[in-house]
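Worksheet: one structure, shown below.
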């Protein structure tokens with residue numbers, strides 16, 4: 010009997026070890042395959058000369074946006090899409106290029122973030138499983154609509170208003186008093202809605218999903234790590250959908266966001282329990298509101 014228990018214990022440990030490795034191996038394999046595919050299909054854009062020509066002041070702006078947005082997302086569990094999209098729209102990047110760029114970049118930055126959060130022990134696997142499939146289905150639907158159905162010029166003011174709403178949610182959560190822990194129901198619906206709005210608006214997975222879970226009193230460390238880990242699948246699904254239906258445009262935007270985000274990912278995962286979240290959430294929320302108002306003001310000026 011004792012021998013059987015030992016064998017079972019060894020089996021359980023081996024299974025757990027395999028699962029642990031898969032959490033790191035799967036993102037690496039997917040991202041390597043994606044990178045090789047992109048380089049094969051778009052070899053002209055990936056040439057050394059094209060990269061050197063693209064390395065200018067504009068590229069540095071996109072790099073800085075990616076760096077800052079991933080630091081925000083890695084430490085708060087929200088804000089990459091909202092922050093980067095708000096900056097890109099305010100800088101004058103069209104909505105479809107902005108959203109495509111953010112989601113293709115997120116395929117890499119969220120992969121780096123998931124691996125980093127796993128390394129620092131910030132992931133609740135059960136929560137990730139509940140969020141994964143519904144979030145992927147919502148993101149595919151939203152990406153398809155934006156790529157093949159909805160006009161970017163028509164949706165631009167709505168995205169700006171949506172970003173302001175997300176910013177208000179972020180600030181509201183930051184200013185909330187002590188939260189009593191409650192059981193989170195209908196995780197699937199929450200994940201589907203978060204994935205859909207993230208794809209259509211260029212951001213929203215974190216502000217919708219993370220803020221709701223934190224509002225229910227869940228542990229910030231594991232909530233942020235788990236939502237970030239699930240976001241890799243959501244970003245991968247929407248990014249592939251954008252590629253299939255809309256193609257890829259704006260390589261300067263994409264590469265700048267990727268490089269900035271990948272560098273910032275491990276820093277954000279390390280800082281998740283080291284900084285005061287409330288002041289930073291308020292600051293990020295105010296910044297997103299200001300950027301979105303700037304975008305709306307440009308639209309109003311062009312109309313009149």
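Residue numbers (the numbering used here): 10 to 313. All residues carry an ideal CB built from backbone N, CA and C; glycine is no exception. Computed from a predicted structure; not experimentally measured.
As a quick exercise: from the options, pick the residue whose alpha carbon is nearest that of residue i.
i: residue 109; options: 238, 154, 174 and 216; result: 154
i: residue 176; options: 303, 291, 37 and 41; result: 291
i: residue 246; options: 168, 262 and 149; result: 149
i: residue 305; options: 91, 137 and 173; result: 173
i: residue 276; options: 82, 37 and 72; result: 82
i: residue 143; options: 67, 311, 251 and 218; result: 218
i: residue 266; options: 67, 151 and 207; result: 67
i: residue 80; options: 310, 181 and 268; result: 268
i: residue 213; options: 170, 230 and 184; result: 170
Any heavy atom of the ligand GDP inside 7 Å of the beta-carbon of residue i?
i: residue 262; result: The ligand GDP is not among the ligands present in this structure, which contains no ligands whatsoever.
So, is the C-beta of residue i closer than 8 Å to a C-beta in chain B?
i: residue 302; result: Of the chains in the structure shown, none is chain B; there is only one protein chain.
The alpha helix (DSSP H) with residue i in it runs from where to where?
i: residue 216; result: Careful: residue 216 lies outside any alpha helix (DSSP H) and carries neither H nor E.
i: residue 72; result: 66-85
i: residue 123; result: 104-128
i: residue 311; result: 286-312
i: residue 263; result: 260-280
i: residue 90; result: 89-100
By a C-beta neighbour count over all protein chains shown, 10 Å radius and 16 as the cutoff for buried, is residue i buried or exposed?
i: residue 178; result: buried
i: residue 25; result: Caution applies to residue 25, whose pLDDT of 49 falls short of 50 and renders its modelled position unreliable; the value that the coordinates give is listed next. Looking at its Cβ environment, which holds fewer than 16 other Cβ atoms inside 10 Å, residue 25 is exposed.
i: residue 138; result: exposed
i: residue 261; result: buried
i: residue 295; result: exposed
i: residue 216; result: buried
i: residue 285; result: exposed
i: residue 182; result: buried
i: residue 232; result: buried
i: residue 152; result: buried
i: residue 271; result: buried
i: residue 38; result: exposed
i: residue 309; result: exposed
For the stretch 76-88 against the stretch 269-282, are there 3 or more C-beta pairs whose distance is under 8 Å? yes
Are at least three pairs of beta-carbons, each pair with one atom in the stretch 116-123 and one in the stretch 227-244, less than 8 Å apart? By the C-beta criterion, the stretch 116-123 is judged to be in contact with the stretch 227-244, since at least 3 inter-stretch pairs fall below 8 Å.
Quick check: the stretch 91-108 against the stretch 218-232, are there 3 or more CB pairs under 8 Å? no
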